[in-house]
Amino acid sequence: MKKKQSEKKPAPLRRSVLSAIGHLSATPVEARLTELEFGLEQLAQAYYRWKALCFRAVSDVTLSGEDVAVLNTIRMGDDPKQLSEIARLLNRTDMANLQYALRKLAKAGLVENTGSPSRRETRYRVTAAGRRITDAYAKMRAAILLPVLGGAGTAPSDFAALQRAFGALARHYEDAGHQAIIGRRRIGGTHFDDADESDRDQS
18 MKKKQSEKKP APLRRSVLSA IGHLSATPVE ARLTELEFGL EQLAQAYYRW KALCFRAVSD
78 VTLSGEDVAV LNTIRMGDDP KQLSEIARLL NRTDMANLQY ALRKLAKAGL VENTGSPSRR
138 ETRYRVTAAG RRITDAYAKM RAAILLPVLG GAGTAPSDFA ALQRAFGALA RHYEDAGHQA
198 IIGRRRIGGT HFDDADESDR DQS
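Residues in the sequence shown are numbered consecutively from 18, following the working numbering.
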């Protein structure tokens with residue numbers, strides 16, 4: 018009788034593989050930055066996948082990790098929140114996607130709006146069902162994630178330092194994004210060079 022082969026986890030990308038990505042690794046410093054960014058990509062995917070799976074363990078409603086983040090943000094502090102507040106807390110600018118998530122959560126009976134006559138003043142709060150499920154989610158998270166992190170050597174005392182590091186990275190990328198917008202015509206590249214040439218032809 019053949020033994021059932023155990024499922025293999027995807028092998029992590031080797032340093033040499035990441036460094037070989039030429040267009041993002043022209044120098045040793047850029048290669049290290051590329052490795053950092055691939056780590057961030059993998060962290061983001063794992064984080065939102067975890068949120069979706071944890072939620073699925075306590076509810077029959079299927080939500081994405083991003084939807085779960087919106088739901089828990091609305092529940093924070095147990096006070097209704099405007100769309101702009103939710104976006105600010107989650108550092109999101111994709112308002113159309115946030116509005117879609119809110120409609121999805123409302124359809125599932127997890128959130129409701131306060132019925133404000135002004136659309137801009139509309140606030141969202143969790144329903145009784147939303148409260149029960151977010152409570153169950155919190156218990157599941159504490160029961161599973163904390164022991165996993167502890168077993169990996171991440172102590173609660175490390176959380177603050179990690180949060181500061183993530184916050185600093187977020188600010189750096191925000192600043193870099195603003196600089197990219199301001200200096201897009203100075204960075205170079207075919208698209209912007211062509212635009213500059215077109216401008217000169219018209220002058």
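A virtual CB, placed ideally from N, CA and C, is assigned to each residue, including glycine. Note that the structure is a prediction, hence the values are computed from the model and not measured.
- Around the beta carbon of Val165, fewer than 16 other beta carbons lie within 10 angstroms, which makes this residue exposed.
- Pairwise C-beta distances place the stretch 115–123 in contact with the stretch 71–89, as three or more of them are shorter than 8 Å.
- Rounded to whole angstroms, the gap between the alpha carbons of Ala159 and Ala104 is 26 Å.
- Counting C-beta atoms within 10 angstroms of its own C-beta, Ile150 has 16 or more neighbours from the protein chains shown and is therefore classed as buried.
- By the CB criterion at 9 Å, Tyr154 and Val85 fall inside the cutoff.
- Bounds of the alpha helix (DSSP H) holding Arg148 are 145–168.
- Look at Glu138 here: in three-state DSSP terms it is coil, with no helix or strand label.
- Asn130: not part of any alpha helix (DSSP H); member of the beta strand (DSSP E) spanning 128–130, first to last residue.
- Inclusion of Ile91 and Gly147 in the CB contact set at 9 Å is warranted, their separation being smaller than that value.
- When only Cα atoms are considered, Lys98 and Leu106 end up about 10 Å apart.
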